[in-house]
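Participant: Submitted below is the structure of interest, expressed as structure tokens.
Residue numbers (the UniProt record's numbering): 1 to 191.
Structure (structure tokens):
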């Protein structure tokens, strides 16, 4: 393995450790030492890849947000009917954040628990709002579409956070169907 391949492999190991630590069930606990320990690397390799801890945390968050956005775009892009788009989008996001709960916690909880993220979560939300907004009926005025999409993203954020925290006494299938119903209702203009 050449130098660049080894460097890329170490960077990926550090980022994977960062996802685990930033998305820990007990809350974000990211330190350079903890990341290096989890990745099985020395601090030298951390600083070879990242300027500091905060830059690292922001990159880990951006990585997970990008994967979520890609999953949603891919799921919605293959659907033809609005109800099918709603179902595919919710299932894609549910699969991502419930199969990898650390992803869900990075996206939904870490911005409130790690000072390095500050307002990054609020800067990411518009991307998700735009995805929902694009699925709403075009005959609705632009302001109403934006308001509805923002409300849907807020509702889903609360639902997913509560489900990941174990605060909703329902199984995954019922949870998913409820989220589909929320998105589908918005798509039909019932919000």
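The beta carbon of each residue, even a glycine, is placed where N, CA and C say it ideally should be. Fair warning: this is a prediction, and the values are worked out from it, not measured in the lab.
With a threshold of 16 other CB atoms inside 10 Å of the CB of residue 124, please say whether the residue is buried or exposed.
Facilitator: Within the chain shown, residue 124 is the residue found at index 124, counting from 1. Buried: at least 16 other Cβ atoms inside 10 Å.
Participant: Find out if the Cβ-Cβ distance for the pair residue 39, residue 13 is shorter than 7 Å.
Facilitator: Walking along the chain shown from the start, residue 39 turns up at place 39. Walking along the chain shown from the start, residue 13 turns up at place 13. Yes; because the gap between Cβ atoms is below 7 Å, this pair is in contact.
Participant: Are residue 32 and residue 43 close, meaning C-beta to C-beta below 7 Å?
Facilitator: Taking the chain shown and counting its residues from 1, one reaches residue 32 at position 32. Taking the chain shown and counting its residues from 1, one reaches residue 43 at position 43. A contact, by the Cβ cut-off of 7 Å.
Participant: Counting beta carbon pairs with one atom in the stretch 76–93 and one in the stretch 166–186, are three or more of them shorter than 8 Å?
Facilitator: With a cut-off of 8 Å, the stretch 76–93 and the stretch 166–186 count as touching, because enough Cβ pairs lie within range.
Participant: Nearest by alpha-carbon distance to residue 11: which of 143, 59 and 107 is it?
Facilitator: Position 11 of the chain shown, counted from the start, is the residue given in the question as residue 11. Nearest C-alpha to residue 11: 59.
Participant: Three-state secondary structure (DSSP) at residue 114?
Facilitator: Along the chain shown, one-based indexing puts residue 114 at 114. In this structure, residue 114 counts as coil in the three-state DSSP scheme.
Participant: What's the gap between the Cα of residue 48 and the Cα of residue 63?
Facilitator: In the chain shown, the residue the question calls residue 48 occupies position 48. In the chain shown, the residue the question calls residue 63 occupies position 63. Taking the straight line from one Cα to the other gives about 19 Å.
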